[in-house]
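J.: Here's a structure for you.
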Amino acid sequence: MAELTPRNSFPYPSERQEPFGDTAKANYLAEDAAMWANAENGNLTYLEGGIFNWDAGTNILWWTLPIYVSGFTTPFKAIISGPASVEIQQGEVVYYKMLRLIQDADVTIPSLYRSNRIFLEGVRMQDLRLFCYRDGDTLYFANGKSLKDGETGPLFGSGIGAIPSSYVPHRHAPAALVTPPVATVVLTPAPLYIAPELVRIDLFLNGAHLIEGIDYSVNLVTGLATLVVPSVLGAKYTFFRELRDFSATYTTHEHSVKLILTPAPATTLLNALATSPTLLRVDVFKNGQLLIEGAPYDYTINLATGIITLNTASVLGDRFEVWRILAA
492 MAELTPRNSF PYPSERQEPF GDTAKANYLA EDAAMWANAE NGNLTYLEGG IFNWDAGTNI
552 LWWTLPIYVS GFTTPFKAII SGPASVEIQQ GEVVYYKMLR LIQDADVTIP SLYRSNRIFL
612 EGVRMQDLRL FCYRDGDTLY FANGKSLKDG ETGPLFGSGI GAIPSSYVPH RHAPAALVTP
672 PVATVVLTPA PLYIAPELVR IDLFLNGAHL IEGIDYSVNL VTGLATLVVP SVLGAKYTFF
732 RELRDFSATY TTHEHSVKLI LTPAPATTLL NALATSPTLL RVDVFKNGQL LIEGAPYDYT
792 INLATGIITL NTASVLGDRF EVWRILAA
């Protein structure tokens, strides 16, 4: 009967085992695979992955593109899926089972595993590869790269030296209106966005901008806002939310200079004066108060023409401030 080595479970013939040819062959094949894997492990290289961000407060690491892993023993690569994210607690490692001798096409690695040690039942150690390890607020990657809390940028293929400073690629969700019952404390916007996609919430009450930390708090993990003062009858809350740009049609955009308009009394049409290259969004403030977009509310916007139609005509002294977002 064959015995097994204590660490890698390589088979070997037991004392006086007869016949032992099959066991010996299995031993040689296991050693051959292990030596091949260890040689390839020394050449493993990580490519692409796009933009990475590490947020120690939420324990979330995310990246925007697939990550390719190769030891260059074949023309094809293993793929760590992306865009994706993973939660990492203090002292934990994230690892995966490396695919060997990939033939015909690139292949996706089925899973990333998370634990306080590298181990997977039934898989030999030479096939388990470290992706990253968390020590305090820093992540250390298998190829020597690292990310500190709050850092954002390209990690693999970023060139010589430190990771360059980079703005988080983002988009703006449509304004979400919430009209809660009296005495509501927790507001739930629809549709609901959560971290890692959700990165910021600004809240308005009946058009007045509330102050985060004084008037309300946010939980990006749940996507909810908690009011300091419960809602009253007729309160209308508007959510402005900034989202990570995992799938936006336009991956870059600009915030145009604020447009100030003082129309004549009885005016119902305002011109945003910007539609090129592509007008993505318009927000309108009247005398410092945020108006609510939509036919039942304060105004509608034609993004193709830039024309804003007010549901209530202007009066003498009205001052409109128009915020415009254009695709760059």
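In the numbering used here, the protein residues as written are 492 to 819. Every residue, glycine too, gets a C-beta built ideally from N, C-alpha and C.
1) Among Ala765, Ala757, Gly533, whose alpha-carbon lies nearest the alpha-carbon of Asn802?
2) Are the Cβ atoms of Leu678 and Val690 separated by less than 8 Å?
3) Mapping the DSSP letters down to three states, classify Arg807 as helix, strand or coil.
4) With respect to the alpha helix (DSSP H) encompassing Glu531, which residues constitute its N-terminal and C-terminal limits?
5) Are the beta-carbon atoms of Phe563 and Ala596 separated by less than 8 Å?
6) Does the Cβ-Cβ distance between Pro557 and Ser572 come in under 8 Å?
7) Could you pull out every residue in the same chain whose Cβ sits closer than 6 Å to the Cβ of Leu475, ignoring the five residues on either side in sequence?
8) In the DSSP assignment, find the beta strand (DSSP E) that holds Leu750 and state where it starts and stops.
9) If the criterion is Cβ atoms closer than 8 Å, does the pair Gln617 and Asn518 meet it?
10) For Cys623, I'd like the list of residues in its chain whose CB is within less than 6 Å of its CB, leaving aside the five on either flank, ordered along the chain.
11) Using the Cβ count rule (16 or more neighbours within 10 Å means buried), how would you classify Leu724?
12) Let me check you understand the geometry: is the CB of Lys588 closer than 7 Å to at least one non-hydrogen atom of the ligand FMN?
13) Rounding to the nearest angstrom, what Cα-Cα distance links Arg810 and Gly641 in this structure?
14) For Thr791, collect the residues of the same chain with a Cβ closer than 6 Å to its Cβ; drop the 5 residues on either side in sequence, then sort them by chain order.
15) Look at the Cβ atom of Asp628, then the Cβ atom of Ala686, and state whether they are nearer than 8 Å.
16) For Gln594, which three-state DSSP category applies?
17) Looking at Ala818: is its Cβ nearer than 8 Å to the Cβ of Thr769?
18) Taking just the CA atoms, how far does Phe511 sit from Tyr604?
19) Please identify the residue among Asn697, Arg615, Glu703, Tyr559 whose C-alpha is closest to the C-alpha of Gly648.
T.: Walking through what the data contain:
1) Ala757
2) Going by C-beta atoms, Leu678 is not nearer than 8 Å to Val690.
3) A quick correction: the sequence has Leu, not Arg, at residue 807. Three-state result, Leu807: coil.
4) 512–532
5) no
6) A contact, by the Cβ cut-off of 8 Å.
7) Residue numbering for the chain in the displayed model covers 492 to 819; residue 475 lies beyond these limits and cannot be assessed.
8) 750–752
9) no
10) Around Cys623: Val585, Leu630, Phe632.
11) exposed
12) Only the bare structure without any ligand can be found here, which leaves the ligand FMN out of the picture.
13) 39 Å
14) Thr800
15) No, they are not a contact pair.
16) In this structure, Gln594 counts as coil in the three-state DSSP scheme.
17) yes
18) Going from the Cα of Tyr604 to the Cα of Phe511 covers about 37 Å.
19) Tyr559
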